[in-house]
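Numbering (this note's numbering), first residue to last: 659 to 928.
Beta carbons: idealized from backbone N, C-alpha and C, even for Gly.
Keep in mind it's a predicted model, so treat the numbers as computed, not measured.
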């Protein structure tokens, strides 16, 4: 029995050790892609810009526009559930006065940005990694290079812009619909006035909350795009690598996003 637990311990130790080394090894490549993106932002090139702009629009449509319905449903239900649960717990005191603060703490500061990121990761991270992985298997990336086209500029930059812009806008939309759902639930359960709820929210929210929510959504967009493109580029030989790349894109995007979210929360609110 002791040998069994020892073998289990060694198995977990080996797994987590390999996982940690894998994260550190990939960090250098991810950092390079990030600085390449920053450099490309300040270095404007006219060559191929029309094609890149078209890809950006397509990415925004897929990541942003096609996510509106899902974001609407999730944010509306989340805002309503948060208020209903809060009213249940605060029924003995003036719950109406706390609704705005609760929605700010739960929706705007934390769940709005991170839930939006989760939706984008689920829809776009695996799709981007799969698309680029298939391009790599089909030698399309090598073909771009042979034609004198920078594969990173052609593949990374439009997806980075598309995902980041979409995530920032979706986060704003998520917060608005989530707060609206909370107000609606408060109206139905407490017969509260929308003007009173809105004034309470406006008196609670600060510029720091807006800045942090923006920075979180911006960071999530950059992380998701770079990680997804990176995992897609790692596909080399077999089609069996493609689903593995898609899975890694989702898992690593989640890992880096939660880590980034924790850092910003600690820096600004603790």
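Kindly indicate which three-state DSSP category residue i falls into: helix, strand or coil?
i: residue 673; result: In this predicted model, residue 673 has a pLDDT of only 49, less than 50, meaning its place in the structure is not dependable; the value taken from the coordinates is given anyway. Residue 673: helix per DSSP, three-state reduction.
i: residue 864; result: coil
i: residue 912; result: helix
i: residue 689; result: helix
i: residue 893; result: coil
i: residue 850; result: coil
i: residue 774; result: helix
i: residue 933; result: Coverage of the chain is limited to positions 659 through 928, which leaves residue 933 absent and any answer about it impossible.
i: residue 791; result: helix
i: residue 829; result: helix
i: residue 883; result: helix
i: residue 797; result: coil
i: residue 898; result: coil
i: residue 701; result: coil
i: residue 928; result: coil
i: residue 722; result: coil
i: residue 919; result: helix
Find out if the Cβ-Cβ distance for the pair residue i, residue j is shorter than 8 Å.
i: residue 926; j: residue 870; result: yes
i: residue 878; j: residue 824; result: no
i: residue 795; j: residue 893; result: yes
i: residue 884; j: residue 688; result: yes
i: residue 695; j: residue 814; result: yes
i: residue 912; j: residue 779; result: yes
i: residue 762; j: residue 862; result: yes
i: residue 820; j: residue 743; result: no
i: residue 714; j: residue 816; result: yes
i: residue 764; j: residue 745; result: no
i: residue 781; j: residue 721; result: yes
i: residue 777; j: residue 725; result: yes
i: residue 908; j: residue 804; result: no
i: residue 812; j: residue 710; result: yes
i: residue 855; j: residue 841; result: yes
Which same chain residues, not among the five before or five after residue i, have their C-beta less than 7 Å away from its C-beta?
i: residue 853; result: none
i: residue 723; result: none
i: residue 730; result: 835
i: residue 728; result: 777
Ordered along the chain, which non-local residues of its own chain (more than five positions away) have a Cβ less than 8 Å from that of residue i?
i: residue 922; result: 870, 873, 874, 877
i: residue 773; result: 732, 733, 736, 832
i: residue 901; result: 788
i: residue 691; result: 810, 814, 884, 887, 888
i: residue 770; result: 733, 829, 832, 833, 836, 871
Spatial neighbours of residue i within its chain, please: C-beta separation below 6 Å, excluding the five flanking residues on both sides.
i: residue 859; result: 758
i: residue 738; result: 839, 843
i: residue 910; result: 885
i: residue 766; result: 833, 867, 871
i: residue 760; result: 744
i: residue 904; result: 784, 787, 788
i: residue 719; result: none
- Message: Three or more C-beta pairs under 8 Å: does that hold for the segment 787-806 against the segment 838-848?
- Response: Three or more Cβ pairs closer than 8 Å define a contact, and the segment 787-806 falls short of that threshold against the segment 838-848.
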